[in-house]
Amino acid sequence: MFSSPKVAVLLPTYNGALFLGRQLQSLLDQSMQDFVIITRDDGSTDETRSVVQSYLEKTPHRFHRIEDDKGNLGASHNFSLLMQYVLDHGRPLGLQNCYLMLCDQDDIWESNKIEVELDAISALEQQHPNSPLLVHSDLTVIREDESLIAESFLSYQGLDAANKALRNITFSNTVTGCTALFNQQLVRKALPVPAEAMMHDWWLAMVAAAFGHIQFIPRSLVRYRQHGQNTLGASEFIPRNVFSRTTIKQLFRTNPEPLLKAVASQSEAFSARYGKELSLPDRRRLTLAGWLRTDSFFVQRILFRLLKL
30 MFSSPKVAVL LPTYNGALFL GRQLQSLLDQ SMQDFVIITR DDGSTDETRS VVQSYLEKTP
90 HRFHRIEDDK GNLGASHNFS LLMQYVLDHG RPLGLQNCYL MLCDQDDIWE SNKIEVELDA
150 ISALEQQHPN SPLLVHSDLT VIREDESLIA ESFLSYQGLD AANKALRNIT FSNTVTGCTA
210 LFNQQLVRKA LPVPAEAMMH DWWLAMVAAA FGHIQFIPRS LVRYRQHGQN TLGASEFIPR
270 NVFSRTTIKQ LFRTNPEPLL KAVASQSEAF SARYGKELSL PDRRRLTLAG WLRTDSFFVQ
330 RILFRLLKL
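This is how it looks when you write it as structure tokens:
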């Protein structure tokens, strides 16, 4: 491993042998080579570990593999463990000053991803020294065979990266973890990621929005592979016609929306940990978000519209 790499690329793996080699090669082909891949397997039953081993043997200086008996943690907790590992072992591994990146096993990184994001966060640090910082980009959506689905992941899902204030990110995360590069100030502020967090990247984005700064790079630096085993897939945003059957069904719906209940739990956890450090408007908004836990979809809908104002 390099003595003091600038970047730690965190790569959890689980039954990803089919696409993992392509991703690992895209990492090794980066234009900026001052990085190390920190990887942990989550109990794979396919050839994933063998794929990692083959690349480790060819480029041992590029990898640091964690072996433990913690079993299957799931994607979010695995990423959280890797982030904590960098903090806990930073000095002996020469990582005490490195940036962190989150890497999904089935994507493909563009060859200049690390270089572009390092330049972006370096410029952001000049404006905001000693602050939690996060930079992220758009993605291209591809199929299993790498054919194109959409040039822009954000447009495909109807998201706007300009909405980066806590009031926006609380309800709609525009930071896709595999596009992000962030500093250790953010990690120290965000960890541990609570069980109530919907995903690790959503929690990181909320912390960065509340206590630091987020910068969006308006270009695709990752090819996001859409396939049947994605933890969270990309679905196309289709504007609804007010007279459509789906819209009419929503008007008469009674059962609550599970996603909004999950947003409520995450908001309550965020408020419980950071409430004393937040502005009064942010505290009030998080309190209202907690009310989305209601079993009435009608009340959920009213609250959600109020919170989006």
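Numbering follows the numbering used here, with no gaps: position 221 of the sequence shown is 250.
We put the beta carbon where it would ideally sit given N, CA and C, even for glycine.
These figures come from a predicted structure and were not determined experimentally.
Here Phe211 really is in contact with Leu233; their C-beta atoms are around 7 Å apart, less than 8 Å. Rounded to the nearest angstrom, the gap between the Cα atoms of Ala209 and His229 is 12 Å.
In this model, Ile137 and Arg254 are separated by some 8 Å (Cα to Cα). Sorting Pro247, Leu40 and Leu56 by C-alpha distance to the C-alpha of Phe182 places Pro247 at the top. Taking all protein chains in view, the Cβ of Phe92 is crowded by 16 or more other Cβ atoms within 10 Å, so the residue is classified as buried. Following the DSSP letters along the chain, one finds Gln213 inside the alpha helix (DSSP H) bounded by residues Gln213 to Ala219. Scanning Ser33, Arg69, Ile66 and Val81 for the CA closest to the CA of Leu47 turns up Val81. If you look at His106, you'll find it in the alpha helix (DSSP H) that goes Ala104 to Asp117. Here His157 carries a coil assignment [DSSP, helix/strand/coil].
Phe326 has its alpha-carbon roughly 47 Å from the corresponding atom of Val65. Phe64: not part of any alpha helix (DSSP H); member of the beta strand (DSSP E) spanning Phe64 to Asp70, first to last residue.
Look at Ala37 here: in three-state DSSP terms it is strand.
A distance below 7 Å between beta-carbons, with the five flanking residues on each side excluded, links Ser160 to the following residues of its chain, in chain order: Gln214, Gly241 and His242. DSSP lists no bridge partner for Thr323. Within the same chain, Leu162, Val164, His242 and Gln244 come within 7 Å of Leu153 by CB-CB distance, once the 5 residues on both sides are set aside.
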